[in-house]
Structure formats: structure tokens, C-alpha cells
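Taking it in order: structure first as C-alpha cells, then the write-up.
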Amino acid sequence: MKKTIIVFFLAFVTNICLAQNKSHAFFMIGNYAYPEWEKLEFDFTDEGREITYSYRKNESGHKLMVLGTKYVRNQKVLMVRIPKYNKIYLIFRDRKNRRILMTSEDNTYKKYFPLGYEGPVDGRGTYCDSCANEPDEAFYILDSFF
82 MKKTIIVFFL AFVTNICLAQ NKSHAFFMIG NYAYPEWEKL EFDFTDEGRE ITYSYRKNES
142 GHKLMVLGTK YVRNQKVLMV RIPKYNKIYL IFRDRKNRRI LMTSEDNTYK KYFPLGYEGP
202 VDGRGTYCDS CANEPDEAFY ILDSFF
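The working numbering applies: residue 82 is where the sequence shown begins, and numbers increase by one.
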């Protein structure tokens, strides 16, 4: 019995440690071949945390300004702004469906971003050690912004 408890404890601790080594999570509409793709990236960098919003016409993206959090319909949401634009956007977490919702406060923009995957596909490509490809890992990074 003690061995079983120790094994489960070690598996739990290992899982937490591996998740904490991840520093990059992204949520994306479409893929790079899709003409209207959009992407939200959440990163831990040497300078701190940052969120980048990019899309087909601006692939390098905009670093979003985090304005804080607030509650909307009993859910804690993240408020962000694109520099040089006055519009405030809200980011909602949807763990159950493995996605996030980004909407403008005036409701002129509303899109769901599914969790993205960075790594080999069908055995081709390179593996990204710092990328959070599993929902628990990605939402762990995302939660740190809230």
C-alpha cells in the first residue's frame, strides 16, 4: 500500500514539474495554410509574461497590453488592449472545450480560439519542449495571466 501511494505521489509531482517547464501556449483559428488564421500566444519570457495576437496580415503580431481582470457573468476574464487601439478585449477561458473566447467589450469582435499544437505531425517536424500542447499545461500558463 505504501509503495502504491509513493508511486502515485511521484507521478503527480513529475506531472506538475513537467507542466511547469512549459513556457509557451497558443490558441489558433485555422492553421498557417488557412487564409484567415488568427493566433493568441501566451509566453513566459526572461522579461516576464506576454501575450501576442497575430493574424495572416500581421504575422509578427501585436504584443497585447494586459489591463487586469474583471468578472463577467460570474466568470473571471482577462482584459487586454492592442497598443495604439482604444478597443478593450476580453479573454474567457473554456477548459471543457479546450479553447478560449476573445471578444471586444462592444461585441463587434467575437471569436473562439481552439488550443493549438506545436510539434511533429504524422512523424514529420520537430518537437517543441517548451510548448504546452496538452490542455492542462496550456491552461496552467493561461491561468497565470488571470
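Beta carbons: idealized from backbone N, C-alpha and C, even for Gly. All figures in this text were calculated on a predicted structure; none of them were measured in a lab.
Own chain, CB closer than 7 Å to residue i, minus 5 neighbours either side, in chain order
| i | result |
| --- | --- |
| Ala-100 | At Ala-100 the pLDDT is 44, less than 50, meaning the model places this residue with poor confidence; the figure from the coordinates comes in the next sentence. Hits under 7 Å: Asp-217, Glu-218, Tyr-221. |
| Leu-196 | Phe-108, Arg-179, Arg-180, Pro-216, Ala-219 |
Candidates the options, of which the one nearest residue i by Cα
| i | options | result |
| --- | --- | --- |
| Leu-145 | Leu-196, Ser-104, Met-183, Asn-214 | Met-183 |
Spatial distance of residue i from residue j (CA atoms)
| i | j | result |
| --- | --- | --- |
| Val-94 | Phe-227 | Legend: pLDDT at Val-94 = 42, less than 50; position of this residue unreliable, value from coordinates given subsequently. Those two C-alpha atoms are separated by around 24 Å. |
| Asp-210 | Arg-130 | 18 Å |
| Tyr-208 | Val-158 | 31 Å |
| Ala-213 | Tyr-198 | 8 Å |
| Lys-177 | Asp-127 | 31 Å |
| Leu-121 | Ser-135 | 7 Å |
| Ile-169 | Lys-191 | 12 Å |
Under the three-state DSSP convention, the category residue i falls into
| i | result |
| --- | --- |
| Asp-175 | strand |
| Tyr-190 | coil |
| Ile-163 | coil |
| Asp-124 | strand |
| Ala-213 | coil |
Contacts around residue i, its chain only, beta-carbon distance under 6 Å, and the 5 residues preceding and following it disregarded
| i | result |
| --- | --- |
| Val-153 | none |
| Asn-167 | none |
Spatial neighbours of residue i in its chain, beta-carbon cut-off 8 Å, leaving aside the 5 residues before and after
| i | result |
| --- | --- |
| Gly-181 | The sequence shown places Ile at residue 181, not Gly. Result list for Ile-181: Phe-108, Leu-121, Ile-172, Phe-173, Arg-174, Asp-175, Tyr-193, Phe-194, Leu-223, in chain order. |
Counted within 10 angstroms of its Cβ, other Cβ atoms place residue i as buried (16 or more) or exposed
| i | result |
| --- | --- |
| Lys-151 | exposed |
| Ala-114 | exposed |
| Ser-225 | exposed |
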